[in-house]
Amino acid sequence: MKLDVAAVRACYPALADGYAYLDGAAGTQVPAAVIEAMSEAQARGLGNAGGAFPASKRADEITADSRAAVAALTGGDPGGVIFGPSMTALTYRLAATLAKDWAPGDEVVVSRLDHDANVRPWVQAADRSGATLRWADVDPETGELPAGQYGELITDRTRLVAVTAASNVIGTRPDVPAITAIARAAGALSYVDGVHATPHVPVDVRALGADFYATSAYKWSGPHIGIVVADPALLDGLRPDKLVPSSDDVPERFELGTLPFASLAGVTAAVQHLAALAAPPDGSSDASLRDRVLESMTAVQQHEQELFEVLLAGLDSMQQVRTYGRAVSRTATAYFTVDGYSPQQVAEHMASRKINVWHGHNYAWELTGVLGIREAGSAVRAGLVHYNDGADVDRLLTAVAELA
Ligand SMILES: Cc1ncc(COP(=O)(O)O)c(C=O)c1O
33 MKLDVAAVRA CYPALADGYA YLDGAAGTQV PAAVIEAMSE AQARGLGNAG GAFPASKRAD
93 EITADSRAAV AALTGGDPGG VIFGPSMTAL TYRLAATLAK DWAPGDEVVV SRLDHDANVR
153 PWVQAADRSG ATLRWADVDP ETGELPAGQY GELITDRTRL VAVTAASNVI GTRPDVPAIT
213 AIARAAGALS YVDGVHATPH VPVDVRALGA DFYATSAYKW SGPHIGIVVA DPALLDGLRP
273 DKLVPSSDDV PERFELGTLP FASLAGVTAA VQHLAALAAP PDGSSDASLR DRVLESMTAV
333 QQHEQELFEV LLAGLDSMQQ VRTYGRAVSR TATAYFTVDG YSPQQVAEHM ASRKINVWHG
393 HNYAWELTGV LGIREAGSAV RAGLVHYNDG ADVDRLLTAV AELA
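FYI, in our numbering the residues of the sequence shown are 33 to 436.
In structure tokens, the structure reads:
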């Protein structure tokens, strides 16, 4: 099923402001259905969790629904869906928990492709526990993270392998199933950063082989909330720091303090919105939420890749423009520089043309170092998501051509 982009765009009030929103990789806009779900949750009356009265029961219901929705989006188990303030905060929490029994001689593998949120928490946890850190390297020419190197990097002392499902700047999608298979065979756990991948491709945490899969709802039309999906049986064996009276159940054990219930209502609405993207317009589908999500995300991927071909071809046709990343499998995320202009100047020019793009390292700290561009301000990122259309791409190319 093909995406009806005009219909999709009409779901997003913010898109009516005349800007081309090519900043989705830093956070998408939210559809009216998500805004309404969040405000309705509060308007109906919302109590804290676990009480005897209806407003509290509604909070419990919203929480259970949102765990089920995330499970449908990722192919995980609702009982292993952990919510937190952000992916970064949750990753620090998981790193601190897992590192409790790391010791000198243990090993941890991180990659130079990753957003720093899936690097630094592990680097610092390894440092504190005396574990040895190993780095997986990126080919600076192609932007690939070759899976073959993990055969050497992972040993029987490896405790954890952290790797991204997609680079948030050059879009590279490493062969995560191959990497996690090597980790598993060596008895190591894998922590897969799915923050950038989740809005662009169908996700199946089991097929990825991810012991932990992290994502952030604000990258896929939802509110600002971080999520980690894991097998409840794995979580059951972990003891995060927590308050004495707070729930010791899984996944609640990992959730510090009170959850943002209105945002959780938004998470469910966001997944339902994604699931409806490729659904028949009359809403007649009786497929499961999971199946509808998979169908939608397949259509989203196709739509984005078609636009991306035009975007990349346009950028590559301009002599003064240099694009970064040539991975065989990648999300529709362009990262480029324009001769004679700093990335910031390019972004400011785009803003003057009502085009939202990001400039800088975007926290791809190690990667921008490998690419040798960090000191000079890194590059400009134009990321496509499901609500972008050909007009957005044309506008960007026209505005870049004004500089090139
Ligand atoms: C690939 C990737 N990982 C992690 C993060 C951090 O997510 P959060 O803002 O939820 O901490 C981001 C945010 O941009 C990202 O793009």
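Just so it is clear, CB atoms sit at the ideal spot from N, CA and C, and this is done for glycine as well.
So, at 7 Å on beta carbons, what are the nonlocal neighbours of residue i in its own chain, with the 5 sequence-adjacent residues on each side left out?
{"i": "residue 388", "result": "51, 52, 53, 54 and 55"}
{"i": "residue 113", "result": "99, 102, 103, 259, 261 and 283"}
{"i": "residue 299", "result": "98, 101, 102, 249, 254, 255 and 257"}
{"i": "residue 121", "result": "258"}
{"i": "residue 252", "result": "60, 230, 231, 302 and 306"}
{"i": "residue 285", "result": "272, 274 and 279"}
{"i": "residue 145", "result": "170, 177, 196, 199, 204, 206 and 399"}
{"i": "residue 181", "result": "168 and 169"}
{"i": "residue 236", "result": "107"}
{"i": "residue 73", "result": "94, 293, 294 and 297"}
{"i": "residue 287", "result": "114, 115 and 116"}
{"i": "residue 371", "result": "352"}
{"i": "residue 214", "result": "182, 183 and 186"}
{"i": "residue 139", "result": "163, 164, 166, 187, 189, 190 and 191"}
{"i": "residue 123", "result": "149, 150, 153 and 246"}
{"i": "residue 331", "result": "33, 34, 35, 309 and 310"}
{"i": "residue 155", "result": "142 and 165"}
{"i": "residue 40", "result": "309, 418 and 419"}
{"i": "residue 350", "result": "432, 433 and 436"}
{"i": "residue 127", "result": "153, 154 and 157"}
Taking 6 Å as the limit between beta carbons, can you name the residues of its chain near residue i, skipping five residues before and five after?
{"i": "residue 397", "result": "148"}
{"i": "residue 218", "result": "186, 188 and 190"}
{"i": "residue 295", "result": "255 and 257"}
{"i": "residue 247", "result": "226, 227, 230 and 259"}
{"i": "residue 322", "result": "104"}
{"i": "residue 382", "result": "389 and 431"}
{"i": "residue 263", "result": "112"}
{"i": "residue 129", "result": "270 and 272"}
{"i": "residue 385", "result": "431"}
{"i": "residue 45", "result": "64"}
Below 8 Å on the Cβ atoms is my guess for residue i versus residue j; work out the distance and round it to an integer in Å.
{"i": "residue 107", "j": "residue 238", "result": "6 Å"}
{"i": "residue 254", "j": "residue 62", "result": "7 Å"}
{"i": "residue 406", "j": "residue 175", "result": "About 15 Å separates the two Cβ atoms, so there is no contact after all."}
{"i": "residue 411", "j": "residue 367", "result": "5 Å"}
{"i": "residue 231", "j": "residue 60", "result": "7 Å"}
{"i": "residue 270", "j": "residue 243", "result": "Wrong, their Cβ atoms sit about 11 Å apart, outside the cutoff."}
{"i": "residue 327", "j": "residue 119", "result": "No, residue 327 and residue 119 are not in contact; Cβ-Cβ is about 26 Å, not under 8 Å."}
{"i": "residue 211", "j": "residue 179", "result": "5 Å"}
{"i": "residue 57", "j": "residue 362", "result": "Actually they do not touch by this definition, with Cβ atoms about 12 Å apart."}
{"i": "residue 364", "j": "residue 340", "result": "4 Å"}
{"i": "residue 43", "j": "residue 65", "result": "7 Å"}
{"i": "residue 309", "j": "residue 416", "result": "The Cβ separation is near 14 Å, so there is no contact."}
{"i": "residue 394", "j": "residue 276", "result": "Actually they are not in contact, since the Cβ atoms of residue 394 and residue 276 sit about 40 Å apart, beyond 8 Å."}
{"i": "residue 87", "j": "residue 77", "result": "4 Å"}
Can you find the residues in the same chain that come closer than 8 Å, C-beta to C-beta, to residue i, ignoring five residues on each side of it along the sequence?
{"i": "residue 209", "result": "239, 240 and 241"}
{"i": "residue 268", "result": "282"}
{"i": "residue 347", "result": "353, 355, 366, 368, 429 and 432"}
{"i": "residue 333", "result": "232, 233 and 234"}
{"i": "residue 71", "result": "294"}
{"i": "residue 172", "result": "402, 403 and 404"}
{"i": "residue 135", "result": "161, 162 and 163"}
{"i": "residue 409", "result": "374, 375, 376, 391 and 392"}
{"i": "residue 336", "result": "232, 363, 364, 416, 417, 418 and 420"}
{"i": "residue 317", "result": "311 and 324"}
Examine ligand 2 and report whether any of its heavy atoms sits within less than 7 Å of the Cβ of residue i.
{"i": "residue 201", "result": "This structure lacks ligand 2; the ligands present are ligand 1."}
Check whether the segment 87-96 touches the segment 281-298, counting contact only when three or more Cβ pairs, one atom from each stretch, lie closer than 8 Å. yes
Please output, in chain order, the residues near ligand 1 using a CB cut-off of less than 5 Å to any non-hydrogen atom of the ligand. Chain-ordered list of matching residues: 118, 119, 120, 147, 149, 200, 225, 227, 228, 248 and 258.
Whole runs of the beta strand (DSSP E) within the segment 317-401, excluding any shorter than 3 residues: Counting only unbroken stretches of 3 or more residues, the beta strand (DSSP E) elements lying wholly within the segment 317-401 are 353-355, 365-370 and 390-392, in sequence order.
For the pair the segment 182-194 and the segment 217-224, tell me if three or more CB-CB distances fall below 8 Å. yes
Inside the segment 275-320 only - alpha helix (DSSP H) runs reaching at least 4 residues: Here the runs fully enclosed are 293-308.
Can you check the segment 210-274 for any alpha helix (DSSP H) of at least 4 residues that lies completely inside it and give the ranges in chain order? The segment 210-274 contains these whole alpha helix (DSSP H) runs: 237-240 and 264-268.
Residue ranges of each alpha helix (DSSP H) run of no fewer than 4 residues wholly in the segment 56-130, ordered along the chain? Listed in chain order, the complete alpha helix (DSSP H) runs (minimum 4 residues) inside the segment 56-130 are 64-75, 86-106 and 119-130.
Residue ranges of each beta strand (DSSP E) within the segment 403-428, 3 or longer: With a minimum length of 3 residues, the continuous beta strand (DSSP E) runs that stay inside the segment 403-428 are 411-415.
Runs of 3 residues minimum, wholly inside the segment 134-173: which ones carry the beta strand (DSSP E) assignment? 139-143 and 164-168
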